[in-house]
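**Q** Numbering (our numbering), first residue to last: 44 to 302.
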């Protein structure tokens, strides 16, 4: 079974296709995965591998490890474009996520004031005011919407909650408006006999309608870049990625792509 990628609270820096030179923040355990989705394409593997033994990192550990890393990077003259919350699961599940945003912001301001703070989130916790307020304090709240059609979203993302729907999350994303960056993974494949393709005309038309309601600052379209736990998935070609992007752009939507 594919296992977690990150074995520390602070990792990198790495070069992100979408964000540049990125230092990662992992608010999940460093030996397991905790997520409210169980995405077929997750580079950290399926949730069945378990949450591990180390638990959520403390705020003391986050502060210590990030300060040490930023001190080292600055002493070496290293560049830094962004500090990104991602890691082995959904960062907003950490019970102290708002405090984590404040700690990272303060250290960013001290060491790399021009760097941005980004959060990659699956949007499952934006029904919580404390999470929403914390996301608004980040420079880039990057919110997942893999399909505007609930049946497709549930097939690809496999949310833990049986009540989680695309319709509900779209309505909550509307509240973010221009503060939001909507992120959509485009892919094809098959799972348990069911075909997967969120690039069809029906899917794209539904996504356009959703994005026109949300009115985000930007839509990020991307596709598979690393091994996935489900081997029957395939990445979308650059041409198809750009085809979908152009359909959104034709409606006045700002789109970035990463093939």
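For glycine and all other residues, C-beta sits at the position ideal for the given N, C-alpha and C.
These numbers were taken from a predicted model, which means no experiment stands behind them.
1. Report yes if the C-beta distance between residue 135 and residue 189 is below 8 Å; otherwise report no.
2. If residue 215 sits next to residue 279, beta carbons under 8 Å apart, how far is it from one beta carbon to the other, in whole angstroms?
3. Go through its chain and collect everything with a Cβ distance to residue 224's Cβ below 8 Å, but skip five positions before and after it.
4. Grouping DSSP H, G and I as helix and E and B as strand, with all else coil, what is residue 240?
5. Pull the bridge partners of residue 183 from the DSSP assignment, please.
6. How would you call residue 57, buried or exposed, if buried means at least 16 neighbouring beta carbons within 10 angstroms?
7. Which whole-angstrom value describes the C-beta separation of residue 76 and residue 53, a residue pair presumed to lie in contact below a C-beta threshold of 8 Å?
8. Is the beta carbon of residue 82 less than 8 Å from the beta carbon of residue 168?
9. Following the continuous beta strand (DSSP E) through residue 58, name the residue where it begins and the one where it ends.
10. Measure how close the beta-carbons of residue 140 and residue 174 come, nearest whole angstrom, since I'm counting them as under 8 Å.
11. By the 10 Å Cβ neighbour count, where 16 or more other Cβ atoms means buried, how is residue 73 classified, buried or exposed?
12. To which residues of the same chain is residue 179 closer than 7 Å at the C-beta, ignoring the five residues directly before and after it?
13. To the nearest whole angstrom, what separates the beta carbons of residue 124 and residue 62, a pair I think is in contact under 8 Å?
14. DSSP puts residue 231 in a beta bridge; with which residues?
**A** For this structure:
1. By 1-based counting over the chain shown, the position of residue 135 is 92. By 1-based counting over the chain shown, the position of residue 189 is 146. It is not a contact, given that the beta carbons lie outside the stated cut-off.
2. Sequence index remark: in the chain shown, residue 215 carries index 172 (1-based). Sequence index remark: in the chain shown, residue 279 carries index 236 (1-based). With a Cβ gap of about 27 Å, residue 215 and residue 279 do not count as contacting.
3. Position 181 of the chain shown, counting from 1, holds the residue named residue 224. Excluding positions up to five away in sequence, the list reads 183, 184, 185, 186, 259, 260, 261, 262, 263.
4. Position 197 of the chain shown holds residue 240. Reduced to three states, the DSSP call for residue 240 is strand.
5. Against the chain shown, residue 183 aligns to sequence position 140. Answer by DSSP bridge pairing, in chain order: 161.
6. Taking the chain shown and counting its residues from 1, one reaches residue 57 at position 14. Around the beta-carbon of residue 57, fewer than 16 other beta-carbon atoms lie within 10 Å, marking it exposed.
7. Sequence index remark: in the chain shown, residue 76 carries index 33 (1-based). Sequence index remark: in the chain shown, residue 53 carries index 10 (1-based). With 8 Å as the limit, residue 76 and residue 53 do not qualify as a contact, their Cβ atoms being about 18 Å apart.
8. Counted from its first residue, the chain shown places residue 82 at position 39. Counted from its first residue, the chain shown places residue 168 at position 125. Contact flag unset, no.
9. Here residue 58 refers to the residue found at position 15 when the chain shown is read from its first residue. Residues 53-59.
10. Here residue 140 corresponds to residue number 97 of the chain shown, with the count starting at 1. Here residue 174 corresponds to residue number 131 of the chain shown, with the count starting at 1. That belief holds up - the Cβ atoms of residue 140 and residue 174 are roughly 6 Å apart, short of 8 Å.
11. If you number the chain shown from 1, residue 73 lands on position 30. The residue is buried, with at least 16 neighbouring Cβ atoms inside 10 Å.
12. Mapped onto the chain shown, residue 179 falls at position 136. The answer, listed in chain order, is 222.
13. Position 81 of the chain shown, counted from the first residue, corresponds to residue 124. Position 19 of the chain shown, counted from the first residue, corresponds to residue 62. Contact holds; Cβ gap of about 6 Å.
14. Residue mapping note: residue 231 aligns to position 188 of the chain shown, counting from 1. Beta-bridge pairing links residue 231 to 240, 277.
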